[in-house]
Amino acid sequence: MNRVLVVDDDLALARALGINLRAHGYEVTVVHDGRAALDRVAHLHPQVVILDLGLPDIDGVEVLQGIRGWSSIPVIVLSARSTSAEKVEALDAGADDYVTKPFGMAELLARVRAAVRRGAPASGEVLEPVVTPDFTVDLDAHRVLRNGEPVKLTPTEWSMLELLVRHAGKLVPGKQLLVEVWGPAYETETHYLRVYMAQLRRKLEPDPAKPKYLITEAGVGYRFQP
1 MNRVLVVDDD LALARALGIN LRAHGYEVTV VHDGRAALDR VAHLHPQVVI LDLGLPDIDG
61 VEVLQGIRGW SSIPVIVLSA RSTSAEKVEA LDAGADDYVT KPFGMAELLA RVRAAVRRGA
121 PASGEVLEPV VTPDFTVDLD AHRVLRNGEP VKLTPTEWSM LELLVRHAGK LVPGKQLLVE
181 VWGPAYETET HYLRVYMAQL RRKLEPDPAK PKYLITEAGV GYRFQP
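Counted from 1, the sequence shown has number 162 at position 162 by UniProt numbering; the numbering is strictly sequential.
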């Protein structure tokens, strides 16, 4: 059973989330502040965290950064903060998704399912590692090595990189990336691509400002050039 940690100080909303998630087969733990969230993530190792940003003790972005300091667990931010800058800040801090309050429960459940899929280990076909002069992408082992050391990627960063690597040398349209990584409801959320591509370049490119592996085809999409 997939474990979900809900972090929200709105008691009524947290209770409703717990009821709906349990009704759909999830094991749910609910906490109401940031310190409890960090403790539960460390002890429960949930498959997904649903995180409100407006917590009473620690700002949700700081909680997110604390989680990302050691874990790549998928995190869905749930917040009334709705400006583009606030969304980008949360995504840049390591959020895998951003849901603005008020929201539909069916949409949130779909995003939880997508997060579980992104966080699941790859299985099936055995693939040879893709080796570049600066890093190695091992699709079968679900990891990236740089200078012999593992590179910590979030599930969404991995999903985006994996899709590009599987189509190495070919243009992948931005809409295809959005639909396959996040889902059909995201095909116009182009800022997600900019944020996550910037993060991947910071982690993998020798010079992120002059990428030679993760190439932007302006107005069209992206290409992985090994």
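A virtual CB, placed ideally from N, CA and C, is assigned to each residue, including glycine.
Short Cβ contact (8 Å threshold) for residue i with residue j
i	j	result
residue 137	residue 48	no
residue 46	residue 4	yes
residue 139	residue 165	yes
residue 74	residue 119	yes
residue 90	residue 61	yes
residue 25	residue 114	no
residue 177	residue 221	yes
residue 94	residue 154	yes
Cβ-Cβ separation, residue j to residue i (assumed contact under 8 Å), whole Å
i	j	result
residue 168	residue 224	5 Å
residue 39	residue 56	Not a contact, Cβ separation roughly 15 Å.
residue 151	residue 210	So it is not a contact: roughly 19 Å between Cβ atoms.
residue 200	residue 161	6 Å
residue 7	residue 31	6 Å
Nearest neighbour of residue i, chosen from the options [CA to CA]
i	options	result
residue 71	43, 160, 83, 87	43
residue 54	100, 195, 94	100
residue 105	37, 22, 226	22
In DSSP terms, what residue i is bridged to
i	result
residue 98	77
residue 3	27
residue 156	Bridge partners of residue 156: none, in fact.
residue 190	According to DSSP, which records beta bridges pairwise, residue 190 is partnered with nothing at all.
residue 215	223
residue 136	131, 145
residue 52	78
residue 171	223
Below-8 Å beta-carbon distance, residue i vs any chain C residue
i	result
residue 70	Here chain C cannot be found, since the structure has a single protein chain.
Residue i burial status per 10 Å Cβ neighbour count (16 or more: buried)
i	result
residue 188	exposed
residue 50	buried
residue 83	exposed
residue 67	buried
residue 87	buried
residue 96	buried
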